[in-house]
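In the numbering used here, the protein residues as written are 9 to 123.
Backbone N, C-alpha and C fix where the C-beta goes; we use that ideal spot for every residue, glycine too.
Computed from a predicted model, the values in this text were never measured in an experiment.
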Amino acid sequence: MNPFGYTTSFSRNRVEENPLITQIEESISKLGSLENGDVPLKVIGARPVKEKRDLELMVSWKENDKGIKPQNSKVMRLELLKKGFWLPLIEFYESKMKLGSAPNFNPNSLPKYQF
């Protein structure tokens with residue numbers, strides 16, 4: 009009993025069984041991630057992060073081997089480039105530019121680099 013006249017007991021088991029926490033954990037596990045081996049499909053947004061001198065990108069993901077399409081999530085630009093996924097970033101940049109009558113570009117003609 010505490011000084012206020014009621015008992016408090018929180019066990020780890022009670023917290024883990026909380027349906028709200030379970031729901032949050034499940035929704036987080038459905039987010040796309042480079043660490044989970046998910047493959048980015050398209051960059052749909054970007055915002056600068058001054059502290060890191062980088063861009064935080066909102067990415068949509070390809071369907072994985074299990075047939076599940078991960079939810080959109082945030083990835084840092086440098087992480088995306090280090091993993092070799094530069095094409096979605098190039099396509100995003102080009103979508104923001106007004107190229108007019110620029111010649112078509114085949115990104116597969118670029119040399120492959122390992123980071």
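DSSP lists S68 as the beta-bridge partner residues of K50. Apart from sequence neighbours up to five positions away, the residues of its chain that approach R55 with a beta-carbon distance below 6 angstroms are E64, ordered along the chain. Judged by their CB atoms, S41 and I52 are not nearer to each other than the 9 angstroms cut-off.
Looking at the DSSP output, S41 sits in no beta bridge, so it has no partner there. Annotation: S117 is outside any alpha helix (DSSP H) and is labelled neither H nor E by DSSP.
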